[in-house]
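Below you'll find the structure, written out as structure tokens, and then a few comments.
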Amino acid sequence: MENNKVRVAITHGDTNGIGYEVILKAFEDPTMLELCTPIIYGSPKVAAYHRNAMGIETPFTNISKAEDAHEGKLNMLATFDEEVKVEFGNPTKESSDAARKALQRAKEDLRQGLYDVLVQAPVVSSNTPDREDRSLLVMFSGDIRIALVTNHLPIKEVAQSITKELIENKTTLLHTSLKRDFRINNPRIAVMALNPQPGAEEEEIIKPAIETLSEKGIQAYGPFIADEFFGDYMQDQFDGILAMYDDQGNVPFKTLASEYGVKMKTGFPFVITTPDHGPAFDIAGQGIADPASLRHAIYAAIDIFRNRKDYDEPLKNPLQKLYHEKKEDGERARFPRKPFPSKADFANEGDGEKSESTKEAATPENE
């Protein structure tokens, strides 16, 4: 990229939802253009219709390709030529197709390196079971970061889908994301139990997976009973939480993330974020949608992009070790590994400061 600002692509989402409203509202604040160069993948005609219908005055500049994006402007890139009928609050095949075309063009340009990060405006969830082991859905807001082992699976299929290897894989992805995306030097991860009481899955799958992760130097603890864990505010003791299924992670996240929420899929070479809400058809076109989550999805994408660059740079040419370092056992001793730890296990622990502070910068990292 010739300029120094991060180029942020933003897809317009379902055209009958609140996508354009929150995009245009987010960039009403001119300081947003000082942080990044935005490129909206969508339709100038549809954007103008939304803007006029709700009296939003945010200007935008039409471009034909991402390479033409102007700094200091809200750039609008047309991803299709067809006319799209806007029916606020009414999800249609036409509005869904418009969202799909914008995302398809954005992904093509992302693979070509024409911009830096992708932020997706809300679309209708496909509810397609996610059995892809190479990625991990992470929801975050402030210091709360919750990831899901399974996604969009019926409850009756969750238990049979969870394996020791899957938990190890997802925990490793979360561990890497906490270090690389959020710059937490030595993250602590809480792994949830599947059952409300200890069962076969905890004894035969989850506990052995945690032990294997421990041997690899990953600070994973549990399994914790979800209601006791969140009811006793034990989330404050950890940098990341691994939930077994949708409701186990989504319900506490939406409760704890009162102001905004952001989702991302980690495990990919690209930074892709989205606000933690849907198209909100019930309020579409009314001018009352809050752009906070989209704005934070943009902030997060920029921060993660820069964090990855800073994290990866010194690893390109690492110095060869001249001696063997003995693993530190002190950190693990602070958190006794029990099948279902209780709040008492953490009563005398520290305040859970994150690695952004100068204190944890001196903490040796397990190899």
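Here the sequence shown stands for residues 1372 to 1738, numbered as in my numbering.
Every residue gets a Cβ at the ideal spot worked out from N, C-alpha and C, and that includes glycine.
Remember, predicted model here, so these are calculated numbers, not experimental data.
Between the C-alpha atoms of K1541 and T1534 there is a straight-line separation of about 11 Å. With a cut-off of 8 Å on Cβ pairs, the region 1386 to 1397 is in contact with the region 1422 to 1433, counting three or more such pairs.
In the three-state scheme derived from DSSP, where H, G and I count as helix and E and B as strand, P1579 is classed as helix. Burial check for V1622: the Cβ neighbour count within 10 Å stays below 16, so the residue is exposed. For V1490, the enclosing beta strand (DSSP E) begins and ends at V1488 to Q1491. With 16 or more other Cβ atoms from the protein chains shown falling within 10 Å of its own Cβ, I1389 counts as buried.
For Q1657, there is no enclosing beta strand (DSSP E), as DSSP marks it with neither H nor E.
Of the candidates E1405, E1465, L1445 and K1444, E1465 places its Cα closest to the Cα of G1384. Distance between P1558 and L1584, taken at the CA atoms: about 13 Å. The three-state secondary structure of R1378, taken from DSSP, is strand.
With respect to A1473, Y1412 sits close: the two C-beta atoms are nearer than 8 Å. Under the DSSP assignment, T1408 falls outside any alpha helix (DSSP H), being part of the beta strand (DSSP E) whose first and last residues are C1407 to G1413.
The bridge partners DSSP lists for F1595 are M1563.
G1390: not part of any beta strand (DSSP E); member of the alpha helix (DSSP H) spanning G1390 to A1397, first to last residue. Across the set I1555, Q1531 and I1381, the C-alpha of I1555 shows the shortest separation from the C-alpha of Y1682. Cβ-Cβ separation between V1457 and T1386: approximately 6 Å, consistent with a contact (criterion under 8 Å).
Inter-residue distance for V1455 and I1643 is about 26 Å (C-alpha atoms, whole angstroms). If you draw a straight line from the Cα of Y1420 to the Cα of I1654, it is about 17 Å long. Within its own chain, the residues whose Cβ lies closer than 6 Å to the Cβ of A1591, once the five positions on either side in sequence are excluded, are T1542, I1560, V1562, I1581 and L1584, listed in chain order.
When the Cα atoms are used, P1415 and L1565 turn out to be separated by approximately 47 Å. Shown here, T1386 sits in coil according to DSSP, grouped into three states, outside any helix or strand. Apart from sequence neighbours up to five positions away, the residues of its chain that approach T1408 with a beta-carbon distance below 6 Å are K1376, R1378, A1440 and E1442, ordered along the chain. At least 8 Å separates the beta-carbon of V1495 from that of A1668.
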